[in-house]
Each structure stands twice: as C-alpha cells, then as structure tokens.
Amino acid sequence: MIVMAKIMGLTGNEAIAYAVKQCNVDLIAAYPITPQTIMVEVISEYVYNGEIDAEFVCAESEHSAMSACIGASLTGARVFTGTASQGLALMHEMLYIASGLRCPIVMGVANRALSAPLNIHGDHSDMMGSRDCGWIQVYAENSQEAYDWTIQAFKIAEDPRVLLPVSVNIDGFILSHCVENIVVLEDEDVARFLPPRGPLITIDPTKPITVGAICLPDYYFEVKFQQVQALKEAYKVIREVNREYKKLSGRRYDLVETYAMEDAEAAILCLGSTAGTAKVVAKELRKEGEKVGVVKPWVYRPFPEEDLIKALGDVKALAVLDRACSFGAPFNALCSDIIATLYRYEKEIKVFNCVYGLGGRDITPMEIRGIFEEALETARSERIKEHVKFVGVRE
Amino acid sequence: MRRPWGLSKTERKLGWKELPIGGYILDPGSAMKYKTGDWRAFRPVMDQKKCVNCLLCWIYCPDGAIIRLEKYVDVNYDYCKGCGICANECPVKCITMVEEGGE
C-alpha cells in the first residue's frame, strides 16, 4: 500500500535531519563542520525541543564523535552522526573501527574538498579518501534521495546479515544548502518500516565480554574476511530494503539508476547531483537524435558490478566522471572501479575518465554536452582521444 | 602435562564462519588459550639440583611463567617468551638459555 505523504521544503541537510528524527535515533554524537553544520544543528534542536528522545553528544572533535558513536552503537543504540571534509579525514582511523566492530552507525556526509588549499565547497575527495574503510557508501542525487536513503540506511546497516555502518553522501552546498520540495513519510509509517534496534551483545557483569581486543595474525584475517562477506550480503539486503521501501513510499531505489540507456551508444557514469545535470543534457541530445544515456550508481560500496554491467548494456563508449583526484593513479577512483569491473566481466567498452568540479567548481550543461559529444565520437571512431581529462580547468 | 621443550596441545583455530563477528571475545579468560610460548627463540633450562628456591626468577618474570614447586622452580613453556630475565637474575646461575630447535 502506498501511503499518502506530505511535502516539505527542506535543504539536503534538513532532509537528512528530518529522516533521522523519524528513525527514532537514540544517540547523536557530532562536531559541526561546513557544509554539514546545519544537519546536526537541526537535530540538536529536535533533541532540545524534546521532539526526539535521544542523547546529543557535542564532541570536541570528529575523532571523538565517531568514538562516542561506536561505544553507543555497541550497546545496541541506534546512532547517527554527520561530517564533511577535514572532519571525515580526522575520523578516518575510527571509520575502520566502526566497520571492524560491526557498528551499524549511519552518517550523513556533506561532501567537501580537502585542504590544502583550504576550500569549503563540494567535491568527493573526502569520502573517496576513505573509500576502503569498510562502510556501505551511498551517493544521493538530490535531497529527496538523501531523505529516502537515510531511512533505508538504518535498515540496511542493522540487518543481522550486514551489521555495517552506512554513509549517505550529499554534494556539499549543491544539495546540503539547496531547498527542494521533499515528499516525507508519516512518523508512524517510518516506525513500522524501522522497528527499534535490539542489542547484538549485552553488557552483563556475570558474563563478561571483550570488544576491541588485540587480534594477532592467527585470527585478524578471518575477522576481516567476515567483513568482506558482510559487504557481499549487503547487495541482497539493499535490494530487499529498496523493495520494501518502494511499497511504503512509491519511490523506487536500487544499487544503480539508469537514464535512457536502452539503446544508448555512449553514456556518462557519475555519482551524486551531477547525474541530474547529465540527465537534462542527455534528454536534449536524445531530442537531437543522439543515442546517449546516464548511469548513476546509488551505491558505491559495495560496488554494484553486476548491476553496472547490466546497466551499460551495449554501450560502445563511456565517460566516467570523478569529482575527486587520485593523484598519480592511472585512473581516478570511480573510473578505476569501472575499468576493473569491465575487465572482470570481459566487456569491451571504450572508457575515458573526466575529473571535474574540484573544490566546488560548477560543471555546466555545456561541459557535459562536450563530454557526451566526445563519448559519441569515441563510439564512432573506436579510439580514445585522451584517457584522463580534466574538465573545466584553465590552462 | 606439558611436552618437553614445546607447547601443550593447542585447540583447533576457528574459521571465519565459526568466529564471533568483529573479533568480540565472548568467553572471559580466553587469553589463557593463547599460548605465547611459540614466540620464544631461546628457552630457559633449569638445573633444579642447583636451584636454591630463592624465587627471584618468579618475582622478575614479566609473564608469570615461573612455576613454584616445593623445593625448586620450573618453567611454564606455554607462556614463557624466552626473554632471559630469569637467567640474568638467578644468583646461583642455575638457568641456561638454550636456542630453540637445537638439542
């Protein structure tokens, strides 16, 4: 049954905060950082006003915030935090501990460039820098998706087959500070979708346990392999949660979203808000008779290989857009994963990599049109002109 | 009973499916099961006829691997890491450090 819902004007930060409010969270530990600040500021107001029955811990740093989240999560509490950029970098050490100790924490990340030089604007350097931290990583295209994924994130994270933390990524400022109309669910419906979390381990003085003990070469490898398996299980769980959420909200989510890919010869593959611009440009080009499409992985970790291979269909050329730079690497993060996937599935597609929008530089429809045109040209000539391009950088 | 110069029988190590997730330790005192004796490169060999039972080795041993007996001491080779402090401190020099693997 699809329930009737109301519409609210919310920024990306507020949309995530509102979702967290409805998810009956027990504890939020956070430190403010641009462009995430409003996300946790709004939640702190909810707590202060008594709108949610939760503890709000004002930590002295992001490292401490994540540490508090880990401790609380281990007691069985439902935990949320938010951060960005330098804050995420400072958390880096604790990110691995959260996933290693199997804490189903949900974190909103308002993606922002990393210093130096100091920059507060949106790119994916922060999350990409921590992409191997063992977290499930979701990228939202707009604030509606950020709201919907936040609710789903708790359910995915807490599933006993998964028990891993999830980060919901929104492009800094582009989504975090932009007001959109968001269709929100009723509190009771979210409560039905997401029942209270039960503790995984209990603290009982008569039956002592140890968490976070040393694990030497004879056991560490097995514990890490459990994480590998949990991320594999996550594919299935994410799909199940997406299906259940569609029944509730009417909105369809998946590991990957495609746009006009049915008979596409050339395509753009990108994360987050840029996919929206790419869809608009693809629509224009389709009107002009060009067979182009867009592929947007919603979920970046676990990397949806099978779904991407299916989504790419018979496309001949693909431009992979990275909003982060892997200095000195043959390709940048997203493109490396795509090329590895194509190799693994023995699929021949001409792929080139475009780095764009570093430090929040706008990517314009004209630039995206240029990328599409180069992809079409690559499809026709079967020759890649330039393997890694930097779109929008001045000579 | 300990085997001469070696570790007592060790339990089979669990695989990833059997182990509790996240490296949680759900049984207290499980550190006893972890036998650090195989870290040892040199083992202390006690000449019990020379031992005066002064217990200095027992006091100095950082791993509690000296076993007190009625007239002399012995070594728990499951936990002795072979640091050699006992041999250094022994006033009657009844402890010799012998390389593992040799006879």
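Chains as they are written, first to last, in numbering that gives the first Met the number 0: chain D, 0 to 394; chain U, 0 to 102. Think of the CB as a built atom: it goes at the ideal place given N, C-alpha and C, for glycine as much as any other residue.
In or out: residue i buried (at least 16 other Cβ within 10 Å) or exposed?
i: Cys89/U; result: buried
i: Gly21/U; result: buried
i: Asp134/D; result: The sequence given here places Trp at residue 134/D; Asp does not occur at that position. Buried is the call here.
i: Trp38/U; result: exposed
i: Ile6/D; result: exposed
i: Gly11/D; result: buried
i: Ala277/D; result: buried
i: Met65/D; result: buried
i: Asp26/U; result: exposed
i: Pro329/D; result: exposed
i: Val227/D; result: exposed
i: Cys53/U; result: exposed
i: His386/D; result: exposed
i: Met126/D; result: buried
i: Ile213/D; result: exposed
i: Tyr219/D; result: exposed
i: Lys154/D; result: buried
i: Ile32/D; result: buried
i: Gln47/U; result: exposed
i: Asp131/D; result: exposed
i: Ile337/D; result: buried
i: Glu157/D; result: buried
i: Asn331/D; result: buried
i: Lys414/D; result: One cannot answer for residue 414/D here, as it falls past the ends of chain D, which runs 0 to 394.
i: Lys49/U; result: exposed
i: Asn87/U; result: exposed
i: Asp170/D; result: buried
i: Gly14/U; result: exposed
Output, in chain order, the set of chain U residues within a Cβ distance shorter than 7 Å of residue i.
i: Pro207/D; result: Pro27
i: Ile200/D; result: Tyr23
Which residues mark the beginning and the end of the beta strand (DSSP E) in which residue i is found?
i: Lys315/D; result: Unbroken run through Lys315/D: none, as it is neither H nor E.
i: Met31/U; result: Segment: none, Met31/U is in no beta strand (DSSP E) and carries neither H nor E.
i: Val41/D; result: That residue, Val41/D, is in no beta strand (DSSP E); its alpha helix (DSSP H) goes Thr36 to Tyr47.
i: Met260/D; result: Where Met260/D is concerned, there is no enclosing beta strand (DSSP E), given that its DSSP letter is neither H nor E.
i: Phe79/D; result: Val78 to Thr82
i: Leu9/D; result: Lys5 to Leu9
i: Ala109/D; result: Val105 to Asn110
Interface residues of chain D around residue i at Cβ under 8 Å?
i: Leu18/U; result: Tyr218, Glu221, Val222 and Gln225
i: Lys12/U; result: Asp217 and Tyr218
i: Trp15/U; result: Glu221, Val222, Phe224, Gln225 and Gln228
On the DSSP letters alone, give me the boundaries of the alpha helix (DSSP H) that residue i sits inside.
i: Ala265/D; result: Where Ala265/D is concerned, there is no enclosing alpha helix (DSSP H), although the beta strand (DSSP E) it sits in stretches over Ala265 to Leu268.
i: Thr377/D; result: Pro364 to Ser380
i: Leu26/D; result: Careful: Leu26/D lies outside any alpha helix (DSSP H), inside the beta strand (DSSP E) at Leu26 to Ala29.
i: Asp125/D; result: Ser124 to Gly128
i: Ser175/D; result: First-last for Ser175/D: undefined, no H or E at that position.
i: Ile155/D; result: Ser142 to Glu157
i: Asp188/D; result: Asp186 to Phe192
i: Tyr59/U; result: Leu55 to Tyr59
Please work out which residues of its chain come closer than 6 Å, Cβ to Cβ, to residue i, disregarding the five sequence neighbours upstream and downstream, and give them in chain order.
i: Cys353/D; result: Ala318, Leu320, Ile370, Lys388 and Val390
i: Ala16/D; result: Met38, Val41 and Ile42
i: Arg360/D; result: Gly391
i: Ile173/D; result: Gly121 and Ser272
i: Arg413/D; result: A query on residue 413/D cannot be resolved here, the shown segment of chain D reaching from 0 to 394 and no further.
i: Leu230/D; result: Pro301
Can you list the residues of chain U that residue i reaches, using a CB-CB cut of under 9 Å?
i: Gly99/D; result: Gly21 and Gly22
i: Leu162/D; result: Ile20 and Gly21
i: Val210/D; result: Gly21, Gly22, Tyr23 and Ile24
Please compile the residues from chain U whose C-beta is within a distance smaller than 8 Å of the C-beta of residue i.
i: Cys214/D; result: Gly22
Give every residue of the same chain whose Cβ lies closer than 8 Å to the Cβ of residue i, excluding the five residues on either side of it in the sequence, and list them in chain order.
i: Glu92/D; result: His62
i: Met45/U; result: Tyr71, Val72, Asp73, Val74, Cys93 and Ile94
i: Ile150/D; result: Ala18, Gln21, Cys22, Leu184, Val189, Phe192, Leu193 and Tyr244
i: Arg1/U; result: With a pLDDT of 41 at Arg1/U, under the threshold of 50, the predicted position of this residue should be treated as unreliable, though the coordinate-derived value follows. Ser7, Asn75, Tyr76 and Asp77.
i: His176/D; result: Thr10, Gly11, Asn12, Pro34 and Ile37
Within a Cβ cutoff of 7 Å, which residues of the same chain sit near residue i, ignoring the five residues on either side of it in sequence?
i: Ile13/D; result: A quick correction: the sequence has Glu, not Ile, at residue 13/D. Same-chain partners within the cutoff: Ile37 and Val41.
i: Ala53/D; result: Val24, Asp25, Leu26, Ile27 and Val46
i: Glu99/U; result: Arg39, Ala40, Phe41 and Arg42
i: Leu6/U; result: Lys34, Gly36, Asp37, Tyr76 and Asp77
i: Gly8/D; result: Val178 and Asn180
i: Ala67/D; result: Ala28, Val56 and Ala58
i: Tyr258/D; result: Lys278, Ala281, Gly292 and Val293
i: Glu44/D; result: none
i: Ile119/D; result: Thr33, Pro34 and Arg111
i: Glu140/D; result: Gly271, Ser272, Ala274, Gly275 and Lys295
Three or more C-beta pairs below 8 Å linking the segment 108-119 of chain D and the segment 142-161 of chain D: Result no; under three Cβ-Cβ pairs closer than 8 Å.
Cβ pair count under 8 Å reaching 3, the segment 97-111 of chain D against the segment 302-309 of chain D: Flag = no, the segment 97-111 of chain D and the segment 302-309 of chain D do not touch.
Touching by the beta-carbon criterion (3+ pairs, under 8 Å), the segment 277-288 of chain D and the segment 229-243 of chain D: Flag = no, the segment 277-288 of chain D and the segment 229-243 of chain D do not touch.
At least 3 beta-carbon pairs within less than 8 Å: the segment 258-271 of chain D vs the segment 371-381 of chain D: At 8 Å Cβ cutoff, the stretches touch.
Any 3 or more C-beta pairs closer than 8 Å across the segment 246-254 of chain D and the segment 287-303 of chain D: The segment 246-254 of chain D is in contact with the segment 287-303 of chain D.
Inter-stretch contact (C-beta, 8 Å, three-pair minimum) for the segment 322-336 of chain D and the segment 186-196 of chain D: Here the segment 322-336 of chain D makes no contact with the segment 186-196 of chain D; the two share fewer than three CB pairs at distances below 8 Å.
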